[in-house]
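Read the structure below first, then the notes.
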Amino acid sequence: MFISEGTQSPDFTDHDCVIPAVSVGNVGQLAADLLIQNLKLTRVGYFHDDCFLPVIGNDPFACESRDSKCSLMTAAEVYYCAKRKIVVVQQRSPIIKSKKSQYTEMLFSWITTSKFKEVVILSSVFSDERRDEQLTGTQLRFLFSKNLNERLTDFIEENQWKKLECRQADLPHAASGEAYMPGSGIAKSLHAKCVDKDVSSAILLIFCSEGDNASEAIQLATYLNSWKKWIDLQNLSECSATKSTRGWILPSSWKLLYGSRFNQSLFQ
């Protein structure tokens, strides 16, 4: 369940909600990091549920350039910007394998209770599962609910966005013509629940492999921003100890993404 950090839970009515799915290379979560950092979102609560593997650590967004107190982070937290009406969920711990359905149900219940305007799920798919025609061109894909598809028809055509191609999964009971998304986590099941209940929902994803997935996260975040126009990447200016890539200010926590550097004196 969602627990607010304040005495009163924020009103999320008509807000956009971004949810990363734990997927290939953790691309969705890395993209969520970029949104939280660059939109300067404030943490307003967290999810408390036994479906997460327990984790705790220092606030990954605590740095000199942010008004941040010494605080701890937990498995799944909620960040918020009232001015832009944006809510971003950040999940830092995997879901227990037998409790994925429980987590999806809990998350969907929170979505309906919060009355979000739109839900955007960020995910990724194994690149080795691509078909021949998917090997070239953009590796970004989308899936929209029917109402979003109708409303954004012109945008899709103008920006040449590619819808995820349907195919039959390699299972005897699989239905033909379904979206095939291996490695995408709960993205498909959560999107299906939203569609069934007429909640405006979108999946934005990228084909990738496990490894250094920072560049894919930047691509996915840029893909989302090209639709929502939340950030002016051309004129983004912010004092930060971390470098800027394609207009994005990288979170300070990414400095240690691959551990500390080796001692140079070892090779002298």
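Numbering (this note's numbering), first residue to last: 1 to 268. Every residue, glycine too, gets a C-beta built ideally from N, C-alpha and C.
Over what stretch of residues does the alpha helix (DSSP H) that includes I156 continue unbroken? T153 to N159
Report yes if the C-beta distance between V125 and L41 is below 8 Å; otherwise report no. No. Outside cutoff.
As assigned by DSSP and simplified to three states, the class of V195: Three-state DSSP puts V195 in a helix.
Pick from S253, R167 and Q102 that is closest to D132, judged by C-alpha positions: R167
In chain order, what residues of the same chain have a beta carbon less than 7 Å from the beta carbon of D277, not counting five sequence neighbours either side? The structure shown does not extend to residue 277, since the chain is modelled only from 1 through 268, so no value can be given for it.
Need the endpoints of the beta strand (DSSP E) that V87 sits in, please. Residues I86 to Q91.
Check for me: the beta strand (DSSP E) holding G45 runs from which residue to which? T42 to F47
By the 10 Å Cβ neighbour count, where 16 or more other Cβ atoms means buried, how is D33 classified, buried or exposed? buried
Rank R141, D154, A75 and T13 by C-alpha distance to the C-alpha of L224 and give the top, closest one. R141
Residue closest to F116, alpha-carbon to alpha-carbon, out of I86, S145, I249 and D128: I86
Rounded to whole angstroms, how far is the Cβ of H191 from the Cβ of I121, which I believe are closer than 8 Å? 6 Å
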